[in-house]
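Quick note on the working numbering: the sequence shown kicks off at 51 and runs consecutively.
Backbone N, C-alpha and C fix where the C-beta goes; we use that ideal spot for every residue, glycine too.
Keep in mind the model is a prediction, meaning the values are calculated, not measured.
Input: a single structure, listed below in structure tokens.
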Amino acid sequence: MASLFEKLPTILVLAVLVAIFLSLRRHAKSPRIHMWIVAWGLIFLHFFVRIFESSGGRLGSLAYAVDLGGLQVAGIVFTVSLTVMGDIPRRRWLLFSLLVPPVLLYTAALSFQLDFRWLYVSCLAVLFFGSSLFIFAQRPRVPFPVWIMAPLFSCGSWAIYCAFRHQYSIGIITILAVAYTLPGMLFPRRYRVWSAGVVTVVAGFFLWGLVFPLSVLQQHYWPNLAVNPELWNVPKFFVAFGMILTLLEEKSRVLEEARGREHAANLQLQRFAGVTSQLLSGIDVKSFCDKIAAAISETSNFQRAGILLCNDDQSLYVAGCHGASEKDTDKLKMLCASWNLNTLAELCRAGERIGQSSVYLKLDQVVSRASPEAGKKAAVNPYWENGDEVMIPLLSPRGAYVGCIMLDNPRQISPVIFDEISKIELLAGDLAVTLENAMLHRQLIRSEKLAGLGQLVAGVAHELNNPLAAVIGYTDLLTEEVADQGSRQKLDSLLREAQRMKRIIQNLLRFARQSTPTQSTARVEPIVREVLMLREYHMQSHGVEIATRIEPDLPEVAMNEDELKQIVLNIFNNAVDAVQNLSQKKIEIECAQQDEKIVIRFEDNGPGFADLNRAFDPFYTTKAVGKGTGLGLSICYGMVKEHGGEIFLKNRWPKGASLAASVSSAARNTQESSVS
51 MASLFEKLPT ILVLAVLVAI FLSLRRHAKS PRIHMWIVAW GLIFLHFFVR IFESSGGRLG
111 SLAYAVDLGG LQVAGIVFTV SLTVMGDIPR RRWLLFSLLV PPVLLYTAAL SFQLDFRWLY
171 VSCLAVLFFG SSLFIFAQRP RVPFPVWIMA PLFSCGSWAI YCAFRHQYSI GIITILAVAY
231 TLPGMLFPRR YRVWSAGVVT VVAGFFLWGL VFPLSVLQQH YWPNLAVNPE LWNVPKFFVA
291 FGMILTLLEE KSRVLEEARG REHAANLQLQ RFAGVTSQLL SGIDVKSFCD KIAAAISETS
351 NFQRAGILLC NDDQSLYVAG CHGASEKDTD KLKMLCASWN LNTLAELCRA GERIGQSSVY
411 LKLDQVVSRA SPEAGKKAAV NPYWENGDEV MIPLLSPRGA YVGCIMLDNP RQISPVIFDE
471 ISKIELLAGD LAVTLENAML HRQLIRSEKL AGLGQLVAGV AHELNNPLAA VIGYTDLLTE
531 EVADQGSRQK LDSLLREAQR MKRIIQNLLR FARQSTPTQS TARVEPIVRE VLMLREYHMQ
591 SHGVEIATRI EPDLPEVAMN EDELKQIVLN IFNNAVDAVQ NLSQKKIEIE CAQQDEKIVI
651 RFEDNGPGFA DLNRAFDPFY TTKAVGKGTG LGLSICYGMV KEHGGEIFLK NRWPKGASLA
711 ASVSSAARNT QESSVS
């Protein structure tokens, strides 16, 4: 009874501590808190069963086994709770099944004074060496401090050596010392902050682990030294109160972070609302993309944001970027040079869906389409690696891709937050709608402009045709009647200029015509070869390098040969004029089939288009006076559109221009005619 009253204060304090942890569990429901409650419950059991140890006999041995076993298992539970494996249920139970049975078996054998040396040695080997091997085996998948293996091997070897000498109690002391010292090492790694609670817990665990060897040394070397038994329990209360303080600090930190996130979310909403209002006001989207990227980068967890938009030929280019260095921006531009909308669709299918439409792309998925520098290995992190990307596709109301937003380099390494992504997705939706509306608006303006200019040009051309025919006719008559050589030369000059004017008027009439195209076909390769042959002398004399890539056995196109020849010649002449002032002149011609279209692409290394939006406007030219009429591309555009095709143009990075004419194959037109 006296023993009960001596231990009652400690038992009551532990009961209160267990109750406090149970109440804290309601506010912080995590596996770690649950394991701490179990551990403190075992320590409470350790003190409670000591009441029955003095009774002797089998009951006393059983109480002693429960006492030591509960204390050791509590230390193991503390250790596991502070590892990454403690958060993964399957690995947590594997670790418990590896550590707990040998501890209980060893303690039971020692409590009932069984002298089975190999039993003790086997339990110690499984406990220390088996756990080390398990940690090493889990290392590639679960980050874990490998240095723990060194003290485990050392302590295990010492305990096994003592077991061979029948000093079995040393094994218990070693297990207890290791089980309560390791949590002190792991605790700061888990919380990564040296707060008052963490320092108290670390100090308490180290003292707790030191208690067991010190008690043995005191009994061996200073047996007459009177030590109050309650003094050995002080570290337990250090740990308990430190844990409670740590949980309260963590809760306070979480609340502060939540307030910070709420404030940041409000700022983000305000910033995004401003961006959306400007998009709805009809601002030029492409020039505004840098500000959109800045709004995303400055108000989200991602420090780098890039906006990739689609050209008319479905290739991608960097429209806006923020948070990236000039070198990184250049790498992104090089990456985009090899991407198109098909690449975008492939990445969306390959990535891990994290929002309504966003995908998380791992490093290898991005590297497979990137330059070697982008694939440099970084430190392993359970959530993020250098090179990983979050991609938010820009989907038009029709469901078509018009570009994407790329996010990377997070400020805090953590799983991507869905709420944050959803806000950026809403902004991406507004951007996609604005881009779609801008494209439709451009097409409408171009159609109206061409229609209006066509009517004007047709009227002017018809009015000029009659007097011009008279000028040419009378000039021919005068040439025959005039004998003076000087006068004849002047009349010849007048006739040449009048005939040049006639050709311009014919081009104007061709541009303005509204007739239905005739059903005829043409082969692409012979016409391209013929145009190159016509300009061969000029190419050689001016040092222009020509590279051609023509797919064999291309289908015929649904277009008249003369029309196709005029299109190829006009576009080729533009490319030649673009490179004429360069020391190294290069023109590439590619003819390929894409689905049911034949694409003829011309690329040069010239300065590029001065104004992409005006390139097809009639009479718009950047050439010197007398060098061009500004009708070449307009006529090409009109003829290609007449036959259901498209012309795409873009400026290449870092310099050069690309123009692609896409025309339906004859087989497709025949199929459509038969269906109709």
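Check, Outcome
"Could you tell me which whole beta strand (DSSP E) segments of length 3 or greater appear in the region 587 to 649?", "594 to 600, 635 to 644"
"Note down the Cα distance separating S375 from F698, rounded to an integer number of angstroms.", "31 Å"
"Is there contact between the region 289 to 298 and the region 306 to 321, where contact requires at least three CB pairs shorter than 8 Å?", "no"
"Give the straight-line distance between the Cα atoms of R283 and G91, rounded to the nearest whole angstrom.", "It is Asn, not Arg, that sits at residue 283 in the sequence shown. Roughly 16 Å between the two C-alpha positions."
"Measure the CB-CB distance between L545 and V532 and report whether it falls below 9 Å.", "no"
"Can you give me the C-alpha to C-alpha distance between P151 and V176, rounded to a whole angstrom?", "10 Å"
"Is it true that the CB of R573 sits closer than 9 Å to the CB of L527?", "no"
"Just to confirm my understanding: we take S714, look at its own chain, exclude 5 residues before and 5 after, and list those with CB closer than 8 Å. What are they?", "V607, A608, E646, K647, I648, H693, G694, G695"
"Excluding sequence positions up to five away, which residues of its chain have a Cβ less than 8 Å from the Cβ of V153?", "G119, Q122, V123, I126, C173, L177, I225"
"To the nearest angstrom, how far is the alpha carbon of I24 from that of G254?", "The requested residue 24 does not occur in the structure, where the chain is confined to residues 51 to 726."
"I'd like the span of the beta strand (DSSP E) that includes P460, first residue to last.", "451 to 460"
"Could you give the residue range of the beta strand (DSSP E) that holds L699?", "696 to 701"
"Count the other CB atoms, across all protein chains shown, that sit within 10 Å of the CB of E439; report buried if there are 16 or more and exposed otherwise.", "buried"
"Pull the bridge partners of V134 from the DSSP assignment, please.", "Looking at the DSSP assignment, V134 forms no beta bridge with any residue, so it has no partner."
"Tell me the DSSP bridge mates of H372?", "A355"
"At the level of alpha carbons, what is the spacing between D654 and A707?", "6 Å"
"Please report how far the alpha carbon of L359 lies from the alpha carbon of L145, in whole angstroms.", "51 Å"
"Assign V68 to one of two classes, buried (16 or more other C-beta atoms within 10 Å of its C-beta) or exposed (fewer than that).", "buried"
"So, using beta-carbon positions, are E743 and S570 closer together than 9 Å?", "This structure gives no information on residue 743, because the portion of the chain shown stretches from 51 to 726."
"Run the CB neighbour count on R599, radius 10 Å, all protein chains shown included, and call it buried at 16 or more, exposed below.", "exposed"
"Our contact map puts C454 next to P443 with C-beta atoms below 8 Å; I'd like the distance itself, whole angstroms only.", "5 Å"
"Taking the continuous beta strand (DSSP E) assigned at V409, which residues delimit it?", "409 to 411"
"Note the first and the last residue of the continuous beta strand (DSSP E) segment covering V440.", "439 to 445"
"Between which two residues does the alpha helix (DSSP H) harbouring A665 extend?", "Where A665 is concerned, there is no enclosing alpha helix (DSSP H), given that its DSSP letter is neither H nor E."
"With a threshold of 8 Å on Cβ separation, who are the neighbours of P238 within its own chain once the five nearest residues in sequence on each side are excluded?", "W244, V248, V252"
"Taking only the alpha-carbon atoms, compute the straight-line gap between L736 and I223 and give it to the nearest angstrom.", "Because the chain is modelled from 51 through 726, residue 736 falls outside the range shown and cannot be assessed."
"Checking 9 Å against the spacing of the C-beta atoms, do M199 and G136 come in under that value?", "no"
"Jot down the residue ranges of each uninterrupted beta strand (DSSP E) in the region 137 to 185, minimum 3 residues, whole runs only, in chain order.", "none"
"For R399 and N390, I'd like the C-alpha separation in whole angstroms.", "15 Å"
"Can you tell me the Cα-Cα spacing of A355 and L485, whole angstroms?", "18 Å"
"Per DSSP, what kind of secondary structure is R585 in: helix, strand or coil?", "coil"
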